[in-house]
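Chemist: Sharing a structure with you now.
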Amino acid sequence: MSIDESGPAPPQAENVGILAAEVYFPTTYVRQEDLEKHDGVPSGKYTIGLGQQGLSFCGDREDPVSMGLTVFHQLLRRHGVSPSEVGHLQVGTESGVDGSKSLKTYLMPILEAAGNTDVEGVDCVQACYGGTAALLAAAAWVESRAWDGRLAVVASHMAHAYDFYKPTTGYPAVDGPLSVYCYLHTLDVCWARYAERFERALHAPCTLDAVDHVLFHAPYNKLVQKAYARLWYLDGCRNGGADPSPAHSHTPIAHPYPPTAMPPGLEKYLLGATHASYDAKVRPGTCVQRQCGNMYTASVWSGVAQLLETTGAALEGRRVLLYSYGSGISATLLSLRGRAVAPGSRFSLARLQAGSDLAVRLARRPAAPPADFLAAVARAEALRGAKAYATLWPRVEDLAPGTYYLKEVDERHRRVYGRRDE
Numbered sequence: 005m006s007i008d009e010s011g012p013a014p015p016q017a018e019n020v021g022i023l024a025a026e027v028y029f030p031t032t033y034v035r036q037e038d039l040e041k042h043d044g045v046p047s048g049k050y051t052i053g054l055g056q057q058g059l060s061f062c063g064d065r066e067d068p069v070s071m072g073l074t075v076f077h078q079l080l081r082r083h084g085v086s087p088s089e090v091g092h093l094q095v096g097t098e099s100g101v102d103g104s105k106s107l108k109t110y111l112m113p114i115l116e117a118a119g120n121t122d123v124e125g126v127d128c129v130q131a132c133y134g135g136t137a138a139l140l141a142a143a144a145w146v147e148s149r150a151w152d153g154r155l156a157v158v159a160s161h162m163a164h165a166y167d168f169y170k171p172t173t174g175y176p177a178v179d180g181p182l183s184v185y186c187y188l189h190t191l192d193v194c195w196a197r198y199a200e201r202f203e204r205a206l207h208a209p210c211t212l213d214a215v216d217h218v219l220f221h222a223p224y225n226k227l228v229q230k231a232y233a234r235l236w237y238l239d240g241c242r243n244g245g246a247d248p249s250p251a252h253s254h255t256p257i258a259h260p261y262p263p264t265a266m267p268p269g270l271e272k273y274l275l276g277a278t279h280a281s282y283d284a285k286v287r288p289g290t291c292v293q294r295q296c297g298n299m300y301t302a303s304v305w306s307g308v309a310q311l312l313e314t315t316g317a318a319l320e321g322r323r324v325l326l327y328s329y330g331s332g333i334s335a336t337l338l339s340l341r342g343r344a345v346a347p348g349s350r351f352s353l354a355r356l357q358a359g360s361d362l363a364v365r366l367a368r369r370p371a372a373p374p375a376d377f378l379a380a381v382a383r384a385e386a387l388r389g390a391k392a393y394a395t396l397w398p399r400v401e402d403l404a405p406g407t408y409y410l411k412e413v414d415e416r417h418r419r420v421y422g423r424r425d426e
């Protein structure tokens, strides 16, 4: 393959980053305290033990494709992006609806309607890490010589482990203790490598004091709390020369306790000692995660959208540390920096904040009884692999205006979508 260099040189991208972020979640959810009562478990098992408040779910009228269509259309419309401006569309998912056909191709009608079929990118599939792989691929495209000035849209440590995987169906096989260990151990490795590269590049100590916000992949919020406490612990061991807790000050710098050997008393101390810091640096990006449950490939990136809404222009100059994790194992720890743009830009931090409505949409969702949630799960199981059926629930008029939805699956498994009028 050769590159024709006879034409004008492509533009050189600088400060490649995130211009905008959008989040979609279904309008129905079940409160975790209601689910605790229904399941007959002790009060607080889900709300305190897991740190969750709600769990979003949808009926058979919505699926990964319809949600992708909805949020992609919303992204373009809200930020004034023309379909002709998109040159790269990458989808990170572990919930594809076809064994061969990329989910990205289902989103193409939005661009095709404007005559744009010259769009690079396909799907990235690697557990919950797919969204980050998609973003890194999009960023690499913008930074490359192949970039033609258009925008890229995106709806480390690698190892092998059977902590969470889907060998036969859409339902995972999970080794809970191993999954938690892998998540925290991988954070250890990523932090050590990040700190080493930070100091080599900036010739300055790498500490959490240099970080204004931290975002985590969130299977459940309690794990996020533990992860931040562990990061604080590792930072103290690395930069303070010893374990930061008074009761365990003998721990040498090179040998912090591994996740499986952390004394219970020390873990409890760390959670308490980091409470105020967590509220300032982590909590502002966790509301969607706590209200909707595990969003898989979108989980950590929902935190970016949440942080834009809660912080806005104040993000300018701030450093955001982001930990993306996918079972199996793939993980990346990276940092983002809020930047000012030209006055009046559609992508200014202030404008992104003003146009965001996450809190409003979360607050206006009607809570459904657990029976509706279980019925939706049963319906999804019954329809797995089915053909020649029309969708039933919820009613189209109960969907938010502008929402795409699945109308039917025909006798050849072809999926037909519609959109509720705005």
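Just so you know, we're using our numbering here: the sequence shown kicks off at 5 and counts up by one. Glycine included, every Cβ here is placed at the ideal spot set by N, Cα and C.
To which residues of the same chain is A118 closer than 6 angstroms at the C-beta, ignoring the five residues directly before and after it?
Modeler: The answer, listed in chain order, is P87, S88.
Chemist: Which full runs of the alpha helix (DSSP H) of 4+ residues lie inside the segment 85–143, going along the chain?
Modeler: Here the runs fully enclosed are 107–116.
Chemist: So, for E320: in the same chain, excluding its five sequence neighbours on each side, which residues have a beta-carbon less than 8 angstroms away from its beta-carbon?
Modeler: Same-chain partners within the cutoff: G342, R343, A344, L353.
Chemist: Alpha helix (DSSP H) containing S331: first to last residue?
Modeler: Unbroken run through S331: none, as it is neither H nor E.
Chemist: Should P405 and R424 be called a contact, given that it needs their Cβ atoms to be closer than 9 angstroms?
Modeler: Going by C-beta atoms, P405 is nearer than 9 angstroms to R424.
Chemist: Run the CB neighbour count on H92, radius 10 Å, all protein chains shown included, and call it buried at 16 or more, exposed below.
Modeler: Buried, because 16 or more other Cβ atoms sit within 10 Å of the Cβ of H92.
Chemist: Quick test of your reading: V146 and V20, contact by CB under 8 angstroms. State the CB separation rounded to the nearest angstrom.
Modeler: Right, their Cβ atoms sit about 5 angstroms apart.
Chemist: Taking only the alpha-carbon atoms, compute the straight-line gap between D43 and V126 and give it to the nearest angstrom.
Modeler: C-alpha separation (whole angstroms): 40 angstroms.
Chemist: Just the C-alpha distance for V381 and Y33, rounded to the nearest angstrom, thanks.
Modeler: The alpha-carbon atoms of V381 and Y33 are separated by roughly 13 angstroms.
Chemist: Residues in the same chain with beta-carbon distance under 6 angstroms from A371, minus the five sequence neighbours each way, listed in chain order, please.
Modeler: Correct list, in chain order: R35.
Chemist: Pick helix, strand or coil for M299, following the three-state DSSP scheme.
Modeler: Three-state result, M299: coil.
Chemist: If you follow the alpha helix (DSSP H) that V34 is part of, which residue opens it and which one closes it?
Modeler: Where V34 is concerned, there is no enclosing alpha helix (DSSP H), although the beta strand (DSSP E) it sits in stretches over 32–35.
Chemist: For Y421, which residues does DSSP report across the bridge?
Modeler: For Y421, which the question treats as bridged, DSSP gives the partners L410.
Chemist: Quick check on I257: does DSSP put it in helix, strand or coil?
Modeler: No answer about I257 holds up, because its pLDDT of 49 lies below 50 and its placement is not dependable.
Chemist: Buried or exposed: where does V27 fall if 16 or more other Cβ atoms within 10 Å of its Cβ makes it buried?
Modeler: When all chains shown are included, V27 counts as buried.
Chemist: Specify whether the segment 294–304 and the segment 54–63 touch according to this definition: at least 3 beta carbon pairs, one from each stretch, less than 8 angstroms apart.
Modeler: Short answer: they touch.
Chemist: Contact check, S328 vs T136 under 8 angstroms by CB: the rounded distance?
Modeler: At roughly 4 angstroms, the Cβ-Cβ gap stays under 8 angstroms, so S328 and T136 are in contact.
Chemist: Count the other CB atoms, across all protein chains shown, that sit within 10 Å of the CB of K230; report buried if there are 16 or more and exposed otherwise.
Modeler: K230 should be labelled buried.
Chemist: Can you give the beta carbon distance from A141 to C128, rounded, assuming they're within the 8 angstroms contact cut?
Modeler: So it is a contact: roughly 7 angstroms between Cβ atoms.
Chemist: If you draw a straight line from the alpha carbon of V420 to that of L410, how long is it in whole angstroms?
Modeler: Taking the straight line joining both Cα atoms gives about 6 angstroms.
Chemist: On the CB-based measure, 16 or more other CB atoms within 10 Å of its CB, does A159 come out buried or exposed?
Modeler: A caution first: A159 carries a pLDDT of 45, below 50, which makes its placement in the model too unreliable to give a value.
Chemist: Per DSSP, which one or two residues make a beta bridge with H217?
Modeler: Bridge partners of H217: V324.
Chemist: Can you give me the Cβ contacts of V123 inside the same chain, cut-off strictly under 8 angstroms, excluding the 5 residues immediately before and after it?
Modeler: So the list reads V90, G91, H92, L93, M112, L115, once near-sequence residues are dropped.
Chemist: With three or more beta-carbon pairs closer than 8 angstroms as the criterion, would you say the segment 270–279 touches the segment 310–320?
Modeler: Too few Cβ pairs lie closer than 8 angstroms, so no.
Chemist: Go ahead and label R81 buried or exposed: buried means 16 or more other beta carbons lie within 10 angstroms of its beta carbon, across all protein chains shown.
Modeler: Its Cβ having fewer than 16 others within 10 Å, R81 is exposed.
Chemist: What residues in its chain sit with their C-beta under 8 angstroms from that of G53, if we drop five residues either side in the sequence?
Modeler: Closer than 8 angstroms at the Cβ level, and outside the excluded window around G53, lie K226.
Chemist: Quick check on DSSP: helix, strand or coil for L73?
Modeler: L73: helix per DSSP, three-state reduction.
Chemist: Identify whether A17 lies in helix, strand or coil by the three-state DSSP scheme.
Modeler: Here A17 sits in coil by DSSP.
Chemist: Tell me whether F29 sits in a helix, a strand or coil according to DSSP, three-state version.
Modeler: The answer is coil: DSSP assigns F29 none of H, G, I, E or B.
Chemist: Hey, how far is the Cα of P268 from the Cα of V75?
Modeler: Between P268 and V75, the C-alpha separation is close to 42 angstroms.
Chemist: Would Y232 pass as a contact of V304 if the rule is Cβ separation under 9 angstroms?
Modeler: For Y232 and V304, no; Cβs fall outside 9 angstroms.
Chemist: Give the straight-line distance between the Cα atoms of P181 and T97, rounded to the nearest whole angstrom.
Modeler: Rounded to whole angstroms, P181 to T97 spans 24 angstroms at the Cα level.
Chemist: In terms of residues, what are the limits of the beta strand (DSSP E) holding S60?
Modeler: That run of the beta strand (DSSP E) goes 58–61.
Chemist: Determine the contact status of P263 and Y198, defining contact as a CB-CB distance below 9 angstroms.
Modeler: No, the pair does not count as a contact, with Cβ atoms beyond the cut-off.
Chemist: Of all the beta strand (DSSP E) runs that stay within the bounds of the segment 332–358, which reach a length of 3 or more residues?
Modeler: Runs of the beta strand (DSSP E) inside the segment 332–358: 334–341.
Chemist: What three-state label does DSSP hand V381 in the structure shown?
Modeler: Here V381 sits in helix by DSSP.
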